[in-house]
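Following: one structure in structure tokens, then a few remarks.
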Amino acid sequence: MKPDSGWYREGKAFFNIDRAFYRPHSQVGRDLAILAAALYRVRHGQLRVLDAMTGCGVRALRYQLEAEADWVWANEGNPEVQATLAKNLALGMRPRSYRITQQDANQIFFSCYQQRDFYDLVDIDSFGSPTPFLQTALWATKIGGLLYLTSTDTRTTGGHNVEKSLQVYGACARAHPAVHEQGLRLLIGTALQQAGTKGMQVQPIFSLFNGSVHRVMLRLVMDQPWLPENYGFLGYCHDCGHYQTVSWRKLGDVRCPACVSSTPAKPMTLSGPLWLGPLHDIDFLGQMIRLAKDWQWSRRVKLLKIMEAEANLPPYYFTLGEIGRHGKLDIPRRDRLIQLLRDRGYQAALTHLDFQAVKTDASIATCIELAKQESTNP
Ligand SMILES: C[S@@+](CC[C@H](N)C(=O)[O-])C[C@H]1O[C@@H](n2cnc3c(N)ncnc32)[C@H](O)[C@@H]1O
């Protein structure tokens, strides 16, 4: 069917959108969620999904048809899309394997808690930030289960409204060149803090930024040690481009350790508290890659491999433009710079967050030095 007929196909799902929200560009976020859900289903022997903001039902359909969910609860608050949703699920899903409701997501989550009905995967695909739903969603998620959060709030997470970031994330988001990563880390950090109020924790399975939307798939866990190095502040030096993780214990007048020539050293701009640990679970990503290969999802394999390579690198990246600006040189060639860094024994990779950037454990000064050598001796 042609898209303008109102009918769409995505993965194994076939559905009508009528007046429901559907954004084809978000397929990448749905594809990765389906892979994670399918692996969870294999590992745990069951998969019950609560798709709290289902829209036309594309996720509900895909969780069942592709991840083999045993049961899907599809909720959508907008009364105008209920008929389309009902039609889509009736057409594509097994009878008696799903439920449709039209309620506020918070009400649904709280009712799960009241009835002790916990879900293996809770999907919150909200507009703006998901934080108004976070506390209650944690009540609806099984310990060991998955929580998938979406945020379209890039203005706030990008440091353009510090007051709002304090209100919404309980954290200070400042502007710097690695803000796409900051959006993911704020989301994980807020979820970690909120889970912490209940004696629980979250661990990222994968974190995805695709141009305008941040998504994180988290595992809810209990009885894990709280690692102080995973939750703290990130300093950025506007003068030299250096980043520095900062523990809450060291707050106060944080100066850039890389600005050695300035006395006193330049102050750093601090963002946080936010998640400072790995963005992805590297073992889980490996399994997602294998499954994506089996399913011949070659574009997703490519993306997941980039995510795998960046998984354990420090919590920021250097854009090529920043390296050029601070080094007063032409923009370096990305792949060549990565190779030079590796030759010097550093870890270095491209990042799915910004294809005009490098992620590395080398300092920006080293990146500049190598880029300069390369420009004078290509
Ligand atoms: C971004 S769309 C979700 C689209 C769908 N998940 C997809 O992948 O295409 C957000 C949906 O959430 C619904 N919504 C917004 N706030 C809600 C709330 N508090 N409770 C339930 N549904 C809500 C909107 O009507 C909209 O259909």
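When we follow this note's numbering, the leftmost residue of the sequence shown carries the number -9, and every step to the right adds one.
Backbone N, C-alpha and C define an ideal beta-carbon position, used for all residues, glycine too.
Remember, it's a predicted structure, so these values are computed and weren't measured experimentally.
If you follow the beta strand (DSSP E) that residue i is in, where does it begin and where does it stop?
i, result
"PRO194", "190 to 199"
"GLN104", "Premise fails: GLN104 lies in the alpha helix (DSSP H), 95 to 104, not in any beta strand (DSSP E)."
"PHE223", "221 to 226"
"ASP107", "Neither: ASP107 is in no beta strand (DSSP E) and is coded neither H nor E."
Report the partner residues of residue i according to the DSSP bridge assignment.
i, result
"SER87", "DSSP output for SER87 lists no bridge partner at all."
"HIS204", "SER141 and PHE199"
"ARG209", "LEU136 and GLN193"
"ILE114", "LEU139"
"VAL236", "PHE223"
"THR341", "ASP344"
"ALA3", "GLU0"
"LYS295", "Paired residues: none, contrary to the question."
Is residue i buried or exposed, if buried means 16 or more other CB atoms sit within 10 Å of its CB?
i, result
"ASN68", "exposed"
"THR126", "buried"
"SER251", "exposed"
"ASN6", "buried"
"SER141", "buried"
"ILE98", "buried"
"GLY189", "exposed"
"ARG9", "exposed"
"TRP216", "exposed"
"GLN54", "buried"
"HIS342", "buried"
"THR147", "buried"
"GLU219", "exposed"
"VAL32", "exposed"
Helix, strand or coil for residue i? Go by DSSP, reduced to three states.
i, result
"THR366", "helix"
"ASP41", "strand"
"TRP63", "strand"
"TYR307", "coil"
"ASP8", "coil"
"GLU58", "coil"
"TRP216", "coil"
"PRO14", "helix"
"SER261", "strand"
"ARG245", "strand"
"ALA80", "helix"
"CYS357", "helix"
"CYS162", "strand"
"LYS349", "strand"
"GLN92", "coil"
"GLY179", "helix"
"LEU319", "coil"
"ALA185", "helix"
Are residue i and residue j touching if we call contact CB-CB under 8 angstroms?
i, j, result
"PHE100", "TRP61", "no"
"TYR138", "LEU111", "yes"
"GLY47", "LEU25", "no"
"ARG328", "LEU319", "The amino acid occupying residue 328 in the given sequence is Ile; Arg does not appear at that position. Result no, Cβ atoms of ILE328 and LEU319 do not sit closer than 8 angstroms."
"PRO263", "TYR221", "yes"
"ALA57", "LEU37", "yes"
"ARG52", "GLY1", "yes"
"THR350", "LEU303", "yes"
"LEU182", "GLN172", "no"
"THR259", "GLY231", "no"
"GLY149", "HIS166", "yes"
"HIS270", "PHE196", "yes"
"GLY179", "ALA168", "no"
"ALA23", "MET207", "yes"
"VAL244", "PRO254", "no"
"GLY317", "ALA248", "no"
The alpha helix (DSSP H) that contains residue i, what's its start and end?
i, result
"TRP129", "121 to 130"
"GLU0", "That residue, GLU0, is in no alpha helix (DSSP H); its beta strand (DSSP E) goes -3 to 0."
"SER251", "Taken as a continuous stretch (DSSP letters only), SER251 belongs to no alpha helix (DSSP H), as it is neither H nor E."
"GLN286", "Segment: none, GLN286 is in no alpha helix (DSSP H) and carries neither H nor E."
"GLY331", "Before going on, a small fix: residue 331 reads as Leu here, not Gly. It spans 324 to 333 - the alpha helix (DSSP H) in which LEU331 sits, taken as one unbroken run."
Report whether the distance from the Cβ of residue i to the nearest heavy atom of ligand 2 is below 7 angstroms.
i, result
"CYS230", "The model on display carries ligand 1 but not ligand 2."
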